[in-house]
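Numbering (the numbering used here), first residue to last: -19 to 382.
As structure tokens, the structure follows; a few thoughts come after it.
Printed below as a string of structure tokens:
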């Protein structure tokens, strides 16, 4: 059966480098129709099986169905040449609505010169997926307060123990790692280790509320330096969100804040600076693989905490279980998510969205130990969650606009 000459169209609902750019010179833009260059010429007089292969290759295997009309002059019935191309990685599955659209195409009167109509399913927008990964990472981080209390070990020993477990987890779950030991990779690793160690020291020498609030000065440092180091301008709306976050966190931790403890507060500020430096350095590696820096940082944290593991008894079985969760889930899995998300969000977004972590931290304590938060804490938490939601939704809309 001969193939009529005509264009192949690709339809997509969201911008995607994998599913939208299907061989066309400029790709199919979000929500638009683009032409797959060269496909119709190759499929003019080949078998349906060969055409199926060519089209699947041109669209990178993202096609799940295409309609082939029998001949150029046939405006009526059509034959389905391929019902199910296997959806590529990241593409959504075929839905009932998709099948309905295909039936409608089959019943319609086709243009005379149409070769095929391809329906390509685009994956979730990378930025939207990154926001979800950051929220999930923050959920993992928020388990730290509850789990650390369950480990009967010195604070720096806990930091080192969870560091080595996280490093092993990341080594096992990431293939083809490239340790270049470049300046930016080493800076990110040192900043990661510093963030972990200084936060533990801050919680030792000042209140947990002070330590958390000062660590989350990181958005301010990033807002100041990101334009210079990354070329990412901080919008006026972002400054408003940063202010709202600080007001909300101030209300949330008002009962635990202290103005003394200069040494502990200094460690808290250093923790915030390291968090900002780590995020900027990881963001500069967005075209590579930032996870190597996180592995090196965990190994460095382990080397710092190793001396404090000697001369003390091993934690109890419950403590060992909590330490395993700290290393594998609270650090390992969370930073596995963070390393992937940071490729698709700005440095400021990478620290503003996870700022829900200190708000969620007392929630787990409340559920486990029935410690009720105050009314001001609830108001402050609502302000922080509202500000973060505003920032996340605004960034998703901006990414979809291109």
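Ideal Cβ positions, reconstructed from N, Cα and C, are used throughout, including at glycine.
ask   = Just checking my contact of residue 317 with residue 193 at CB under 8 Å: how many whole Å lie between their CB atoms?
value = About 24 Å; that fails the 8 Å criterion.
**Prompt:** Taking the continuous alpha helix (DSSP H) assigned at residue 195, which residues delimit it?
**Reply:** Per DSSP, the continuous alpha helix (DSSP H) segment holding residue 195 begins and ends at 188 to 195.
According to DSSP, is residue 283 part of a helix, a strand, or is it coil?
Assigned with DSSP and collapsed to three states, residue 283 falls in helix.
Using only alpha-carbon positions, find the residue among 128, 308, 170, 372 that is nearest to residue 344. The residue with the shortest Cα to Cα distance from residue 344 is 128.
(message) Tell me whether the region 200 to 207 and the region 252 to 262 touch, counting them as touching only if at least three CB pairs, one residue from each stretch, are closer than 8 Å.
(response) A contact between stretches requires three or more CB pairs, one per stretch, nearer than 8 Å, and the region 200 to 207 meets this requirement with the region 252 to 262.
Three-state secondary structure (DSSP) of residue 233:
Residue 233 sits in coil when the DSSP states are folded into three classes, being neither helix nor strand.
Take residue 243 and list the residues in its own chain whose beta-carbon comes closer than 6 Å to its own, dropping the five residues that flank it on each side.
Contacts found: 185.
How many Å lie between residue 175 and residue 378 at the Cα? Residue 175 and residue 378: Cα-Cα distance of roughly 31 Å.
Would residue 143 and residue 341 qualify as a contact pair, given that the criterion is a beta-carbon distance under 8 Å? Contact flag unset, no.
When you compare only the Cα positions, how much space is there between residue 309 and residue 303?
-> For residue 309 and residue 303, the distance between alpha carbons rounds to 10 Å.
For this session: Could you check which residue in 274, 295, 214 has the C-alpha nearest to that of residue 149?
Result: Answer by Cα proximity: 274.
- [ ] Rounded to whole angstroms, what's the CA-CA distance from residue 180 to residue 208? Just pull it up for me.
- [x] About 30 Å.
field: Among 356, 321, 290, 371, nearest to residue 134 - alpha-carbon criterion
entry: Ranked by Cα distance from residue 134, the first of 356, 321, 290, 371 is 290.
So, helix, strand or coil for residue 324, using DSSP? Of the three classes helix, strand and coil, the one that applies to residue 324 here is coil, per DSSP.
*residue 278 in three-state terms, based on DSSP*: Helix at residue 278.
### Query
How do the region 282 to 302 and the region 364 to 375 stand: do at least 3 beta-carbon pairs fall below 8 Å, yes or no?
At 8 Å Cβ cutoff, the stretches do not touch.
- Query: With distances taken from CA atoms, which of 338, 271, 283, 130 is nearest residue 155?
  - Reply: Among 338, 271, 283, 130, the Cα nearest to that of residue 155 is on 271.
| said: Can you look up residue 162 in the DSSP assignment and give me helix, strand or coil? | reply: Coil at residue 162, not helix or strand.
So residue 328 packs on residue 214, CB below 8 Å; how close in whole Å? About 6 Å separates the two Cβ atoms, so the contact holds.
Next item on the list: Can you check the region 201 to 235 for any beta strand (DSSP E) of at least 3 residues that lies completely inside it and give the ranges in chain order?
Entry: You should have found no qualifying run.
* What do you get for residue 218, buried or exposed, if any count of 16 or more other CB atoms within 10 angstroms of its CB means buried? -> By the Cβ-count criterion, residue 218 is buried, with 16 or more other Cβ atoms from all chains shown falling within 10 Å of its own Cβ.
* Asked: Rounded C-beta distance between residue 225 and residue 325? I'm assuming under 8 Å.
  -> Contact between residue 225 and residue 325 fails: their C-beta atoms lie close to 16 Å from each other, not under 8 Å.
Is it right to say residue 152 is buried, meaning 16 or more other beta carbons lie within 10 angstroms of its own, or is it exposed?
Under this definition residue 152 is an exposed residue.
inquiry  = Taking the straight line between their C-alpha atoms, what separation do you get for residue 375 and residue 299?
reply    = In a straight line, the C-alpha of residue 375 is about 40 Å away from that of residue 299.
Worksheet entry | Classification of residue 159 by the beta-carbon crowding that lies within 10 angstroms, buried from 16 upward | By the neighbour-count definition (other C-beta atoms within 10 Å, threshold 16), residue 159 is an exposed residue.
Apply the 10 Å Cβ neighbour rule to residue 220 and answer buried if 16 or more other Cβ atoms are within range, or exposed otherwise.
-> Under this definition residue 220 is an exposed residue.
Have a look at 167, 172, 163 and flag the residue whose alpha-carbon is nearest the alpha-carbon of residue 146. Closest by alpha carbon: 172.
Best match in 122, 183, 361, 119 for proximity to residue 227 [C-alpha to C-alpha]
It is 361.
_Less than 7 Å separating the Cβ of residue 262 from some heavy atom of the ligand HEM?_
Here there are no bound small molecules, and the ligand HEM is not part of this structure.
task = Would you kindly work out how many angstroms separate the C-alpha atoms of residue 27 and residue 276, rounded to a whole number?
result = Low confidence applies here, because residue 27 scores a pLDDT of 48, under 50, leaving its location unreliable; read the following figure in that light. Between residue 27 and residue 276, the C-alpha separation is close to 54 Å.
**Request:** Starting from the C-beta of residue 319, find all residues in its chain whose C-beta is less than 8 Å away, skip the five residues before and the five after it, and write them out in chain order.
**Result:** If we look at residue 319 and ignore the five residues flanking it on each side, its Cβ neighbours are 262, 269, 270, 271, 274.
*C-alpha distance - residue 163 paired with residue 280, whole-angstrom precision*: In this structure, the CA atom of residue 163 is about 16 Å from the CA atom of residue 280.
For the alpha helix (DSSP H) holding residue 424, just list the boundary residues, first then last.
-> The structure shown has nothing for residue 424, since the chain only spans -19 to 382.
Buried or exposed, going by whether 16 or more other CB atoms sit within 10 Å of the CB of residue 231?
Its Cβ being crowded by 16 or more others within 10 Å, residue 231 is buried.
**OP:** Go to residue 109, then tell me how far its alpha helix (DSSP H) extends in each direction, as first and last residue.
**Re:** Residues 106 to 121.
Residue 121: which of 356, 245, 305 sits nearest, CA to CA? Of 356, 245, 305, the residue nearest in Cα terms is 305.
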